[in-house]
Amino acid sequence: MKHALLFAASLAALGLTACGKEPEPAASTPAATLDATDDAAALPAPATASEGQTFANTAAASDAFEIESSRLAASKASSAEVKRFAEEMIKAHTDSTAKLKSAAAQATPPITPDPKLTPMQQQTLTDLGGKSGAEFDKAYVAAQVNAHQMTLDALKAYSADGDVPSLKAFATELVPIVTAHLNMAKGM
Numbered sequence: 001m002k003h004a005l006l007f008a009a010s011l012a013a014l015g016l017t018a019c020g021k022e023p024e025p026a027a028s029t030p031a032a033t034l035d036a037t038d039d040a041a042a043l044p045a046p047a048t049a050s051e052g053q054t055f056a057n058t059a060a061a062s063d064a065f066e067i068e069s070s071r072l073a074a075s076k077a078s079s080a081e082v083k084r085f086a087e088e089m090i091k092a093h094t095d096s097t098a099k100l101k102s103a104a105a106q107a108t109p110p111i112t113p114d115p116k117l118t119p120m121q122q123q124t125l126t127d128l129g130g131k132s133g134a135e136f137d138k139a140y141v142a143a144q145v146n147a148h149q150m151t152l153d154a155l156k157a158y159s160a161d162g163d164v165p166s167l168k169a170f171a172t173e174l175v176p177i178v179t180a181h182l183n184m185a186k187g188m
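Take a look at the structure:
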């Protein structure tokens, strides 16, 4: 309630100033009755990422993880099937990144996806880097199932309730593609 009163008082003062009128003294606004201990609480909260920005960052990090983990698989996997899957993932997620950037650029204002990996994604890459042969193959496939399931969940949620039309269309377009990747990974 205090924040709403401060916000309303600030808007009123700005509106009167813009019209060339002097605002009423601060003592007449309800927000002025706050004591000094409320000053910190009255400060605006730091800006948080919009829903669209958060989704774009999640999708970008997912693509980055898929590409990096699949590059490891292309060189470390012992199974030809795993190596083929990895090559497909590199291509598919490179394409997905380009589509994401295009969809994000169409937002108003434009969004720049941040592909920074989550700590979990980074730890998974580190763990994969320490494995080889059949042990690597098993860990890579498990990581792919997990990553694709999490990505599919995020895409479905944004496709249903997203706030940026171009990103919502991107999410909707990718649902069947990521579903196919998940099923491929589960089948290995």
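Residue numbers (the UniProt record's numbering): 1 to 188.
Using N, Cα and C, we set each Cβ at its ideal position, and we do this for glycine too.
Which of helix, strand or coil DSSP assigns to residue i
i           : result
residue 187 : coil
residue 163 : coil
residue 61  : helix
residue 79  : coil
residue 69  : helix
residue 49  : coil
residue 174 : helix
With 16 other Cβ atoms within 10 Å as the buried cut-off, status of residue i
i           : result
residue 52  : buried
residue 228 : There is simply no residue 228 to check, as the chain begins at 1 and stops at 188 in what is shown.
residue 163 : exposed
residue 124 : buried
residue 151 : buried
residue 73  : buried
residue 86  : buried
C-beta contact flag for residue i and residue j at 8 Å
i           : j           : result
residue 144 : residue 80  : no
residue 97  : residue 60  : yes
residue 100 : residue 148 : no
residue 132 : residue 83  : no
residue 127 : residue 93  : no
residue 106 : residue 50  : no
residue 207 : residue 65  : Absent from the structure is residue 207, since the part of the chain shown begins at 1 and ends at 188.
residue 56  : residue 134 : no
Proximity test, residue i beta-carbon vs the ligand FAD heavy atom, cut-off 7 Å
i           : result
residue 122 : In the structure on display, the ligand FAD does not appear, and there are no ligands present to speak of.
Cβ of residue i within 8 Å of any chain D Cβ
i          : result
residue 89 : Of the protein chains in the structure, only one exists, and it is not chain D.
Extract the residue ranges of the alpha helix (DSSP H) inside the region 92-137, only unbroken runs of 4 or more that lie entirely within it.
Listed in chain order, the complete alpha helix (DSSP H) runs (minimum 4 residues) inside the region 92-137 are 119-129.
Are the region 156-163 and the region 113-129 touching, with three or more C-beta to C-beta distances below 8 Å?
Taking 8 Å as the limit for Cβ pairs, the verdict is that the region 113-129 does not touch the region 156-163.
Counting pairs of beta carbons, one from the region 126-141 and one from the region 60-77, are three or more of them closer than 8 Å?
Flag = yes, the region 126-141 and the region 60-77 touch.
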